[in-house]
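Chains A and B are the protein sequences, given in the same order.
By our numbering, the letter at position 132 of the first sequence is numbered 132, and the numbering carries on one by one without gaps.
By our numbering, the letter at position 8 of the second sequence is numbered 1008, and the numbering carries on one by one without gaps.
Ideal placement from N, C-alpha and C gives every residue a C-beta, glycine not left out.
As structure tokens, the structure follows; a few thoughts come after it.
There are 2 protein chains.
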Amino acid sequence: MGGEQLGEPLHAQVSSLRATRWFADRPVPASEIVRVLEAARWTGSARNRQPWRFLVIGDRGLLRRLSLLGGYAAHLAAAPIAVVLAVDHAVGGEDAEFDAGRAAQSLMLAAHGLGLGSCPASFFPSSNADQAGRLCKVQTPWKVRTAISLGYPAPAPPGRSAIPTGRLPLDRITRWIGC
Amino acid sequence: MGGEQLGEPLHAQVSSLRATRWFADRPVPASEIVRVLEAARWTGSARNRQPWRFLVIGDRGLLRRLSLLGGYAAHLAAAPIAVVLAVDHAVGGEDAEFDAGRAAQSLMLAAHGLGLGSCPASFFPSSNADQAGRLCKVQTPWKVRTAISLGYPAPAPPGRSAIPTGRLPLDRITRWIGC
């Protein structure tokens, strides 16, 4: 159930992260949330701008409202908590979302190591992203496009996902030039 | 020197990743590059679109030309190899760069675990990103905005970085709501 296999190489642990959309009815201790946020905090970013803020949401009503703001955001209502990423689009341009993706991945991998499941939700279209920002009381230039569900995993009900799983093989997505 | 401390928890290994801009004159075995790419390949993405392709560049002339296409890209010329990320902006919108950031972070963390240093370079302004795409023979809708230097680390010369290091403290970048 936990992602952490002591002694398993880091690259194997990174490769084994998968999305979790179903969560056990078990609270996540604040000390574990802090560890996860620490990993996100140390993420690198273009010119070290750190264009992110982290909103830890445990309010059930707010999680339910956020879960309605994207086609694949329902898991937010099932999670004990979610971390909303507020991203500063004024300083970073396209780098801001790239860097936010880096922080999200660090956050989810740290959670994985602590036995926590996670899944990102995108708020779309942009009117929904704006509404998510209003619900979280986030002001311009900060934008809320992503929230990450966090919790101890529960088994997924069978046959629920409409999204194909697996990944393209490496030889279809890689080209080697001069090496 | 390597990032991997056997038995060190995953969240601590994630938190300890730092950028490496100086590299030893030591080739990176193809088997290690494949491990790093495998970690990137398994990254999650919105609707599992996998909006990325990986170009592994070992050609010295190409690395030198790419190193001139951004204010902080010089390290590409110092690295034994770089992985250029081609990202499909047609399918993903802003999700595409967010997802590319996730893949980049997985790639750099896997490298960290194998004792490899890494540093991302952004190609900017957009005319430079377009030129990077042409140099790498990448066609629309694929865009090249980022390359990641990879290699075994060498000590950095003293006093070289113009960018502040460290990170904002957690209480300045976090808000807790309803938990």
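Open item on the list: So for A/L55, helix, strand or coil by DSSP?
Closed with: strand
Task: Residues bridged to A/K137 [DSSP beta-bridge criterion] - done: Answer is none; A/K137 lacks a bridge partner.
Open item on the list: Starting from A/A121, trace the beta strand (DSSP E) in both directions and tell me its first and last residue.
Closed with: G117 to S122
Open item on the list: Any contact between the region 1019-1036 of chain B and the region 59-79 of chain A? By contact I mean 3 or more CB pairs, one from each, below 8 angstroms.
Closed with: no
Open item on the list: Would the region 1097-1111 of chain B count as touching the region 61-81 of chain A if we require 3 or more Cβ pairs under 8 angstroms?
Closed with: no
TODO: Would you decide whether A/A79 is buried or exposed? Buried here means 16 or more other CB atoms lie within 10 Å of its CB.
DONE: buried
Task: Buried or exposed (CB count within 10 angstroms, at least 16 for buried), B/I1148 - done: buried
TODO: Grab me the residues of B/G1002's own chain with a C-beta within less than 6 angstroms of its C-beta, minus the 5 sequence neighbours each way, in chain order.
DONE: Note that B/G1002 scores 45 on pLDDT, short of 50, meaning its location in the model is unreliable; the coordinates nonetheless yield the value given after this. Excluding sequence neighbours, B/G1002 sits near G1115.
Open item on the list: To the nearest angstrom, how far is the alpha carbon of B/L1085 from that of A/I163?
Closed with: 24 angstroms
Open item on the list: Quick check: the Cα distance between B/E1097 and B/W1142, rounded to an integer number of angstroms?
Closed with: 11 angstroms
Task: DSSP-derived helix/strand/coil call for B/D1025 - done: coil
Open item on the list: With a threshold of 6 angstroms on Cβ separation, who are the neighbours of A/T174 within its own chain once the five nearest residues in sequence on each side are excluded?
Closed with: none
- [ ] Mind checking who A/T174 pairs with in its DSSP beta bridge?
- [x] B/F1054
- [ ] Could you name the residues of the region 96-130 of chain A whose beta carbon sits closer than 7 angstroms to any beta carbon of chain B, in the order they occur along the chain?
- [x] E97, F98, D99, A100, G101, R102, A104, Q105, S106, L109, A110, H112, G113, L114 and S122
Open item on the list: What residue range does the alpha helix (DSSP H) around B/I1081 cover?
Closed with: Run containing B/I1081: none in the alpha helix (DSSP H); it sits in the beta strand (DSSP E), I1081 to D1088.
Open item on the list: For a cutoff of 8 angstroms on Cβ pairs, would you count A/I163 as touching chain B?
Closed with: yes
Task: Candidates B/S1016, B/V1014, B/A1024 and B/G1007: closest to B/P1157 by CA position - done: B/A1024
Task: A/R65 beta carbon less than 8 angstroms from that of A/L17 - done: no
Open item on the list: Determine, for A/S15, whether the minimum Cβ-Cβ distance to residues of chain B falls below 8 angstroms.
Closed with: yes
TODO: Compare the C-beta of A/Q139 against all C-beta atoms of chain B and say whether one is closer than 8 angstroms.
DONE: no
- [ ] Would you give the residue range spanned by the beta strand (DSSP E) that A/G151 belongs to?
- [x] W142 to G151
TODO: Report yes or no: is there a C-beta of chain B within less than 8 angstroms of the C-beta of A/P9?
DONE: yes
Open item on the list: Under DSSP, the alpha helix (DSSP H) around A/E38 begins and ends at which residues?
Closed with: A30 to R41
Task: Own chain partners of A/S106 with C-beta closer than 8 angstroms, once the 5 adjacent residues on each side are dropped - done: A39, A40, W42 and T43
Open item on the list: With a threshold of 8 angstroms between beta-carbons, can A/G58 be considered close to chain B, or not?
Closed with: yes
- [ ] Would you kindly work out how many angstroms separate the C-alpha atoms of A/G159 and B/P1051, rounded to a whole number?
- [x] 25 angstroms
Task: Sequence-distant residues of its chain with Cβ nearer than 8 angstroms to B/S1126 (five each side left out) - done: none
Task: Counted within 10 angstroms of its Cβ, other Cβ atoms place A/P27 as buried (16 or more) or exposed - done: exposed
Task: Helix, strand or coil at A/G159 according to DSSP, with G and I counted as helix - done: coil
- [ ] Just confirm the distance between the C-beta atoms of A/Y152 and A/G113, as a whole number of angstroms; I'd bet it's less than 8 angstroms.
- [x] In fact, because the Cβ distance is near 13 angstroms, the residues do not count as touching under 8 angstroms.
Open item on the list: For a quick check, are the C-beta atoms of B/V1083 and B/L1109 less than 8 angstroms apart?
Closed with: no
Open item on the list: For a cutoff of 8 angstroms on Cβ pairs, would you count A/W22 as touching chain B?
Closed with: no
Open item on the list: I want to see whether chain A comes within less than 8 angstroms of B/A1019, judged by CB atoms only; does it?
Closed with: yes
- [ ] May I ask you to report which of helix, strand or coil DSSP gives B/G1092?
- [x] helix
Open item on the list: Applying the 10 Å Cβ sphere with the 16-neighbour rule, what's the burial state of A/Q139?
Closed with: exposed
Task: 6 angstroms CB neighbourhood of B/A1121 in its chain, flanking five on each side removed - done: G1070, A1073, L1076 and A1147
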